[in-house]
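Report on the following structure.
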Amino acid sequence: MGQTLIEAVNLNENVDLGVGLDKGDSLNNSLEDFDVLIDFSRPDATLNALSICVSSGKAMVIGTTGFSDDELEVI
């Protein structure tokens, strides 16, 4: 999904890709590089990213699936 998203962003002149993160990369080290985080990962990683985004005042779009009912309550 990440490559498709990158391709779509690159085709849109009104959108810039600030940073692309892979598994193991630090979101905390990239907070100045983006306005909105678009996440397609695993539920545990998404919840961690959500916590960081909320505490940093960053917007987030969640494309991850497979959340439990309790995890959805957190979101």
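Under UniProt numbering, the final residue of the sequence shown carries the number 75; numbering is consecutive throughout.
Every residue gets a Cβ at the ideal spot worked out from N, C-alpha and C, and that includes glycine.
Judged by pairs of C-beta atoms under 8 Å, the segment 24-34 does not touch the segment 2-10, as fewer than three such pairs exist. When C-alpha distances from Val36 are compared across Thr46, Gly2, Val61, the shortest belongs to Val61. When secondary structure is reduced to three states using DSSP, Val15 falls in the coil class, being assigned neither helix nor strand. A direct Cα-to-Cα measurement between Ser55 and Leu11 gives close to 31 Å.
Judged by DSSP in its simplified three-state form, Asp70 adopts helix. In the structure shown, the three-state DSSP call for Ile62 is strand.
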